[in-house]
Amino acid sequence: MRRFAVAIALALLTTVLVQAASNAVPGSLAAERAQALGANDLKPAVCAALTLTAVVAGAGDFTATAANELVAGGPAAQNIVAGDGADCVLGGGGLDTLDGGAGVDVCVGNGLGTTVFVDCETTVP
Ligand SMILES: [Ca+2]
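Residues 626 to 750 (this note's numbering) are what the sequence shown spells out, left to right.
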């Protein structure tokens with residue numbers, strides 16, 4: 626009977642050791658991963674149909690280029706002109722005037738309904 630109990634104990638110990646060895650988790654290397662973010666990674670869902678090539682951002686009044694851009698304003702009141710191209714224009718905070726210019730543009734206001742839209746084919750107040 627004693628030999629039987631020792632055999633059972635050894636079997637259990639072996640099982641525990643095998644399970645401990647199989648639960649080892651390999652390193653993820655997450656700390657070594659780097660990925661650049663572009664305009665298409667940063668655009669909001671409302672601009673999903675647009676293929677953007679650059680990000681233009683500013684805190685004061687400014688005009689973007691003729692490319693298809695993610696145009697982002699800051700927290701203050703601004704006059705933002707997106708220029709040519711199919712742009713995604715984000716006013717940010719403040720009482721902004723967003724001018725999409727030529728092209729099929731999506732303009733997103735401040736969420737308060739006070740943004741002025743000019744030449745924007747799609748607007749989000
Ligand atoms: Ca603004």
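Beta carbons: idealized from backbone N, C-alpha and C, even for Gly.
The structure displayed is predicted, hence computed values, not measured ones.
Tell me which residue opens and which closes the beta strand (DSSP E) that residue i is part of.
i           : result
residue 723 : 722 to 724
residue 665 : Run containing residue 665: none in the beta strand (DSSP E); it sits in the alpha helix (DSSP H), 664 to 667.
residue 747 : 747 to 749
residue 704 : 704 to 706
residue 671 : Counting along the chain, residue 671 falls outside any beta strand (DSSP E), and DSSP gives it neither H nor E.
Cβ of residue i within 7 Å of Cβ of residue j?
i           : j           : result
residue 688 : residue 719 : no
residue 692 : residue 682 : no
residue 740 : residue 721 : yes
Per DSSP, which one or two residues make a beta bridge with residue i?
i           : result
residue 713 : 695, 731
residue 680 : 695
residue 650 : Per DSSP, none; premise fails for residue 650.
residue 688 : 706
Could you tell me the distance, in whole angstroms, from the CA atom of residue i to the CA atom of residue j?
i           : j           : result
residue 734 : residue 669 : 13 Å
residue 694 : residue 677 : 5 Å
residue 727 : residue 675 : 14 Å
residue 697 : residue 743 : 16 Å
residue 652 : residue 663 : 28 Å
residue 711 : residue 700 : 23 Å
residue 737 : residue 749 : 10 Å
residue 631 : residue 656 : Note that residue 631 scores 49 on pLDDT, short of 50, meaning its location in the model is unreliable; the coordinates nonetheless yield the value given after this. Cα-Cα distance, rounded: 47 Å.
residue 704 : residue 665 : 24 Å
residue 730 : residue 647 : 55 Å
residue 588 : residue 649 : Nothing can be reported for residue 588: it is not among the residues displayed for the chain, which extend from 626 to 750.
residue 667 : residue 702 : 22 Å
Compute the minimum distance between the beta carbon of residue i and the heavy atoms of ligand 3, and state whether it is under 6 Å.
i           : result
residue 698 : Looking for ligand 3 in the displayed structure turns up nothing; the ligands present are ligand 1.
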